[in-house]
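Straight run, no breaks: the sequence shown in our numbering ends on number 861.
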Amino acid sequence: MNGFVVIPSVTTTSGEPIAGDVVQKQNLLELDRDGLERFFEDVLGEKRYRAHQVMKWIHHRYIADFEQMTDIGKALRVRLQTCAEVRVPRIVLDKHSADGTRKWLLAMGTDSKNAIETVYIPDKGRGTLCVSSQIGCGLNCTFCSTATQGFNRNLTTAEIIGQLWVAARDLGNVPHQQRRLTNVVMMGMGEPLMNFDNVVRAMSVMRDDLGYGLSNKRVTLSTSGLVPMIDRLSSESDVSLAVSLHAPNDLLREQLVPLNRKYPIAELMASCERYLSVNRKRESVTFEYTLIKGVNDQQEHAHQLVKLMQQFECAMQVKGAAKVNLIPFNPFPGTRYERSTEADIRAFQKIMLDARILTIVRRTRGDDIDAACGQLKGQVVDRTHRQARFRHTLEDRVGRDVAA
């Protein structure tokens, strides 16, 4: 449900607010189409089509000032200024990579103590925005830079959509006409399914023709494997699903993705089967596999992964139901892991392809500005004390190296 504050209509006959009237403003980025329609009806006493006009101004033309919404009457613009706002994230840094990748560091909240990272990856015929869902992350995957930052809080719907708003405006994106932004992946900082309601509402705006007009298949949610929430997602959305697998067996996955101790691979794969069964338009699930030197990149791991993918396709009775993205590990300060050699990466992929499992190697993009997969960290006021533990571990490791 969309929550907004019901504001008494206390104005003069000209629509001006009465002096001394204190009103809590509703950030319109927080609302999807249904929420905005109800806001205009219940709070402003206006027809629904007015909400549609404002939604286009916000998400198609990137206008945050009601005075510039010229097809709306002055009296309504005054009322909107009184009880509503379009509050977008503040840009702290805007970095450009040599390969065209672009990363924004965006301040979250009014105190600017926390900031998240959003990344745009251009490619031939497409432009993908990697969006964050949380400030930090609570899952502690051992190969991810975000995990070292600890966790602060979930992002609001407005803060998630605000990332699209900033990027689309800066890129000159025009929905339905001049598209710079063709795909969105919920693969930035955080676990999207731990922020379920806000993420689902934000994805609704992404796919709405009055919003960013993206088709369901062009919006991808990536999860580390929260099985109950995958099941819930199947009943509330039909976006593309990606799963951060990273290991072909439970013993290894528990080391890399601690969540596996609660939801082991068999349960995770079963939930993926249910997701495709419910969402018949979705033909496949993408399984992401970060290749780490000497950890999960050997031929035995590839053969185990082949068996896992074949079992999944057999259960779905659909060839091609499993797609594998191999991601060369992207180092970050303090990590003990290394990237697999090019020879091992290609050997791993060949085993997968020989078994007729669709497998691509994701090209590293934006690593010169720490914008590659697994490198995002932002600025996090850590409520879990993980940053302190990570620094302590790093200092111990450095001390041992010096002593040696």
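Ideal placement from N, C-alpha and C gives every residue a C-beta, glycine not left out.
Tell me which residue opens and which closes the beta strand (DSSP E) that Val742 is part of.
For this step, residue 742 is matched to residue 285 along the sequence shown. Note, Val742: beta strand (DSSP E), 742-748.
- request: Just mark Arg710 as buried or exposed, buried being the case when its beta carbon has 16 or more other beta carbons within 10 Å.
  value: Indexing the sequence shown from 1 puts residue 710 at position 253. When all chains shown are included, Arg710 counts as buried.
Notebook entry, point to check: Rounded to the nearest angstrom, how far is the Cβ of Glu770 from that of Ala759, given a contact under 8 Å?
Noted result: Sequence index remark: in the sequence shown, residue 770 carries index 313 (1-based). Sequence index remark: in the sequence shown, residue 759 carries index 302 (1-based). The pair is not a contact, with the Cβ atoms about 16 Å apart (cut-off 8 Å).
Using three-state DSSP, classify Ser602 as helix, strand or coil. For the purposes of this step, residue 602 is identified with residue 145 of the sequence shown, where counting begins at 1. Coil.
Check: Ends of the alpha helix (DSSP H) at Ala804?
Finding: The residue given as residue 804 occupies position 347 in the sequence shown. Element bounds for Ala804: 799-811.
### Message
Applying the 10 Å Cβ sphere with the 16-neighbour rule, what's the burial state of Tyr506?
### Response
As a working mapping, residue 506 is identified with position 49 in the sequence shown. Label assigned to Tyr506: exposed.
Roughly how far, in whole angstroms, is the beta-carbon of Leu628 from the beta-carbon of Arg637, given that I think they are within contact range, below 8 Å? To locate residue 628, count along the sequence shown from 1; it is residue 171. To locate residue 637, count along the sequence shown from 1; it is residue 180. Contact flag correct, Cβ pair sits at about 4 Å.
Terminal residues of the beta strand (DSSP E) in which Gly566 lies:
The residue you call residue 566 lines up with position 109 of the sequence shown. Counting along the chain, Gly566 falls outside any beta strand (DSSP E), and DSSP gives it neither H nor E.
Whether Ile573 touches Leu586 by CB criterion (8 Å) = Your numbering for residue 573 matches position 116 in the sequence shown. Your numbering for residue 586 matches position 129 in the sequence shown. No, the pair does not count as a contact, with Cβ atoms beyond the cut-off.
Proximal residues to Ala772 (C-beta, below 7 Å), its chain only, five neighbours per side dropped:
Residue 772 sits at position 315 when you count from the first residue of the sequence shown. Once the five neighbours on either side are set aside, the close Cβ partners of Ala772 are Glu730.
Met766 lies in the alpha helix (DSSP H); which residues open and close that run? For the purposes of this step, residue 766 is identified with residue 309 of the sequence shown, where counting begins at 1. Unbroken alpha helix (DSSP H) run through Met766: 756-773.
Mind reading off the beta-carbon distance from Val656 to Met644? Whole number of angstroms is fine, and I expect it under 8 Å.
Along the sequence shown, read from residue 1 onward, the residue named residue 656 stands at position 199. Along the sequence shown, read from residue 1 onward, the residue named residue 644 stands at position 187. Not confirmed; about 12 Å, so no contact.
Note to self: Please classify Lys719 as buried or exposed, where buried requires at least 16 other C-beta atoms within 10 Å of its C-beta.
What the structure shows: Residue numbering aside, residue 719 sits at position 262 when the sequence shown is read from its first letter. It is exposed - the Cβ of Lys719 has fewer than 16 other Cβ atoms within 10 Å.
- Query: So with Cβ pairs under 8 Å, would you call Leu698 a contact of chain B?
  - Reply: The chain inventory of the structure shown lacks chain B, comprising one protein chain alone.
- prompt: Considering only the beta carbon of each residue, do Gly751 and Asn717 sit closer than 8 Å?
  reply: The residue given as residue 751 occupies position 294 in the sequence shown. The residue given as residue 717 occupies position 260 in the sequence shown. Going by beta carbons, Gly751 and Asn717 fall outside the 8 Å limit.
Measuring straight from C-alpha to C-alpha, what distance separates Thr743 and Ile592? For the purposes of this step, residue 743 is taken as residue 286 along the sequence shown, with counting starting at 1. For the purposes of this step, residue 592 is taken as residue 135 along the sequence shown, with counting starting at 1. Straight-line Cα distance between these residues: approximately 25 Å.
Q. Taking just the CA atoms, how far does Leu486 sit from Val545?
A. Looking up residue 545 in the sequence shown gives position 88. Looking up residue 486 in the sequence shown gives position 29. So the two alpha carbons sit approximately 8 Å from each other.
_Closest residue to Leu612 among Cys594, Tyr577, Ala604 (Cα-Cα distance)_ = Numbered from 1 along the sequence shown, position 155 holds the residue referred to as residue 612. Ranking the options by Cα distance to Leu612, first place goes to Cys594.
Return helix, strand or coil for Phe653, following the three-state DSSP convention. If you number the sequence shown from 1, residue 653 lands on position 196. Three-state DSSP puts Phe653 in a helix.
Taking Cβ to Cβ, would you say Phe523 is nearer than 8 Å to Ala508? If you number the sequence shown from 1, residue 523 lands on position 66. If you number the sequence shown from 1, residue 508 lands on position 51. No. Outside cutoff.
Quiz item: In terms of residues, what are the limits of the beta strand (DSSP E) holding Cys587?
Solution: Mapped onto the sequence shown, residue 587 falls at position 130. First-last of the beta strand (DSSP E) with Cys587: 583-587.
(message) Using only the alpha-carbon positions, how far apart do Asn630 and Phe786 sit?
(response) To locate residue 630, count along the sequence shown from 1; it is residue 173. To locate residue 786, count along the sequence shown from 1; it is residue 329. Their backbone Cα atoms lie some 31 Å apart in a straight line.
CA-to-CA distance, Asp528 to Leu537, given in whole angstroms: Taking the first residue of the sequence shown as position 1, residue 537 is located at position 80. Taking the first residue of the sequence shown as position 1, residue 528 is located at position 71. Taking the straight line joining both Cα atoms gives about 14 Å.
For this session: Answer yes or no: do Ala699 and Ser679 have a C-beta to C-beta separation smaller than 8 Å?
Result: Position 242 of the sequence shown holds residue 699. Position 222 of the sequence shown holds residue 679. In contact: Ala699 and Ser679 (Cβ atoms closer than 8 Å).
| said: Taking 7 Å as the limit between beta carbons, can you name the residues of its chain near Leu810, skipping five residues before and five after? | reply: In the sequence shown, residue 810 corresponds to position 353, counting from 1. Within the same chain, Cβ atoms closer than 7 Å to the Cβ of Leu810 are found at Thr816, the five residues on either side in sequence being excluded.
Arg796 (DSSP reduced to helix, strand or coil): Working through the sequence shown from its first residue, we reach residue 796 at position 339. Strand at Arg796.
Span separating the alpha-carbon of Arg547 from that of Tyr794: Counting from one through the sequence shown, the residue named residue 547 turns up at place 90. Counting from one through the sequence shown, the residue named residue 794 turns up at place 337. C-alpha separation (whole angstroms): 34 Å.
ask   = To the nearest angstrom, how far is it from the Cα of Asp654 to the Cα of Ser701?
value = Looking up residue 654 in the sequence shown gives position 197. Looking up residue 701 in the sequence shown gives position 244. Cα to Cα, Asp654 sits roughly 21 Å from Ser701.
Along the chain, where does the alpha helix (DSSP H) that runs through Arg490 open and close? By 1-based counting over the sequence shown, the position of residue 490 is 33. Unbroken alpha helix (DSSP H) run through Arg490: 490-495.
What's the C-alpha gap between Leu501 and Ile618?
If you number the sequence shown from 1, residue 501 lands on position 44. If you number the sequence shown from 1, residue 618 lands on position 161. If I take the Cα positions, the gap works out to 23 Å.
### Message
Is it the case that the region 552-560 contacts the region 604-611, given that we only count it when at least three CB pairs across the two stretches are under 8 Å?
### Response
no
Checking the sheet assignment: what are the DSSP bridge partners for Gln635? The sequence position of residue 635 within the sequence shown is 178, counting from 1. DSSP lists Val631 as partners of Gln635.
**Message:** If you measure between the beta carbons of Lys513 and Leu667, is that distance less than 8 Å?
**Reply:** As a working note, residue 513 is residue 56 in the sequence shown. As a working note, residue 667 is residue 210 in the sequence shown. In this structure, Leu667 lies closer than 8 Å to Lys513 by Cβ.
**Report entry** Beta carbon of Asp754 nearer than 8 Å to that of Asp707
**Finding:** Position 297 of the sequence shown, counted from the start, is the residue given in the question as residue 754. Position 250 of the sequence shown, counted from the start, is the residue given in the question as residue 707. No, they are not a contact pair.
#### Entry: Supposed close pair Thr677, Gln620 - CB separation, criterion 8 Å
As a position in the sequence shown, residue 677 is number 220, starting the count at 1. As a position in the sequence shown, residue 620 is number 163, starting the count at 1. Not confirmed; about 15 Å, so no contact.
> On the three-state DSSP scale, how would you describe Glu542?
Replying inline: Taking the sequence shown and counting its residues from 1, the one referred to as residue 542 is at position 85. Strand at Glu542.
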